[in-house]
Every structure is written in C-alpha cells, then in structure tokens.
Amino acid sequence: MRSIPSGSREESLPNLPTIRTMDPVPEISVNASSQQKAANEIQIAEKKLTEFEQIYNITTDSQFWLDTFKKIGSLRDEIRSNKGKIIKLKRNANYAQKCREKKRKILDENQEVIRYDKPGCPSLLFNHPNLYDHIHDSIEFGVADEK
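Right, dumping it as structure tokens:
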C-alpha cells in the first residue's frame, strides 16, 4: 500500500473542525427502555467522535489519519442510525397510544366497559357496600347458582 505524502494530505481528505456542536437527543420518557438504550449509545458515540476528531486534527501519520477519518465516518453513521431508531420508536409508541385511546373510546361509547377509576364514577363498593358480604354468604350458604 502506498503511503500518502504529507504534502498531499490536505488535497486527499478534508480537515474536520476541532469544535463542533452536538445535536440534542430528543427527550425520552422514563419507561421507554429501547429509546433510552439508543440515546445512551448516541452519547457514547458522540464522546468517541469528539475524541477521534481531535486526534484527526493533530495527527501527522497519514495511515493513522486515514484510519481515524474512516472511524469518524462510521461513528457518524452510528449516531444517525440511532437517532433514526429513536424517531421510529417514538412514532410506534405514539401510534400504540392512539390505538389504546381509540379502543377505550369505542368501549366507552358502546358501554361494554364501565370504568370506576375516573372522576364522577365512584368505586363499585361505594354503590354496593355489602357486596363482599353478599358474595361470601352466597358461596357459604349455597345460595349461589350451581353453575
């Protein structure tokens, strides 16, 4: 393999900036473990990327310089991939939430399910305070249907 002469270094590959701004990672909810894992991978890759960019800008060895340039490219691809993964996971979570809301709305409209945990709907025990005693008596004394 031929080594790149030090004078042609500037001509073959562009210089990378020493200081760069990092794009913020979208806010992730606490219970989204896959999104959190991807965000952690982004943070690790961005730290490595910063270190490699600093090494890239100070190195004089052409082969090491080229290897560092390739590593920087792969780290940028990894960051881009993980950001895309987070976007996709957020979109899927949003879709699942909308489906749950739609299903809950349909069940409420058709009165297939009565919810007692929302405001204005007291607990079943408030409406029937002797429910447990009635169930117990029905089972104990055989008043309940045999089926």
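Numbering (this note's numbering), first residue to last: 63 to 209. For every residue, glycine included, the Cβ atom is placed at its ideal position computed from N, Cα and C.
Inspect the beta-carbon positions of residue i and residue j and report whether they are closer than 9 Å.
{"i": "E115", "j": "I134", "result": "yes"}
{"i": "Q105", "j": "I148", "result": "no"}
{"i": "H196", "j": "H190", "result": "yes"}
{"i": "A101", "j": "N144", "result": "yes"}
If you draw a straight line from the C-alpha of residue i to the C-alpha of residue j, how long is it?
{"i": "K160", "j": "K167", "result": "10 Å"}
{"i": "T83", "j": "E108", "result": "A caution first: T83 carries a pLDDT of 48, below 50, which makes its placement in the model unreliable, though a value can still be read off. Taking the straight line from one Cα to the other gives about 10 Å."}
{"i": "G146", "j": "Q125", "result": "32 Å"}
{"i": "E140", "j": "T112", "result": "14 Å"}
{"i": "R162", "j": "E174", "result": "15 Å"}
{"i": "F131", "j": "L169", "result": "57 Å"}
{"i": "K110", "j": "T121", "result": "16 Å"}
{"i": "I201", "j": "N172", "result": "32 Å"}
{"i": "R138", "j": "E89", "result": "20 Å"}
{"i": "D129", "j": "R142", "result": "20 Å"}
{"i": "K164", "j": "L151", "result": "20 Å"}
{"i": "Y118", "j": "W127", "result": "6 Å"}
{"i": "S95", "j": "A158", "result": "16 Å"}
Nearest by alpha-carbon distance to residue i: which of the options is it?
{"i": "S91", "options": "Q173, K164, N156", "result": "N156"}
Here's the rule I'm using: 16 or more other beta-carbon atoms within 10 Å means buried, otherwise exposed. How should residue i be labelled?
{"i": "Y194", "result": "exposed"}
{"i": "N192", "result": "exposed"}
Counting only beta-carbon separations shorter than 9 Å, does residue i have a partner in chain D?
{"i": "R153", "result": "Looking for chain D here will not work: only one protein chain is present."}
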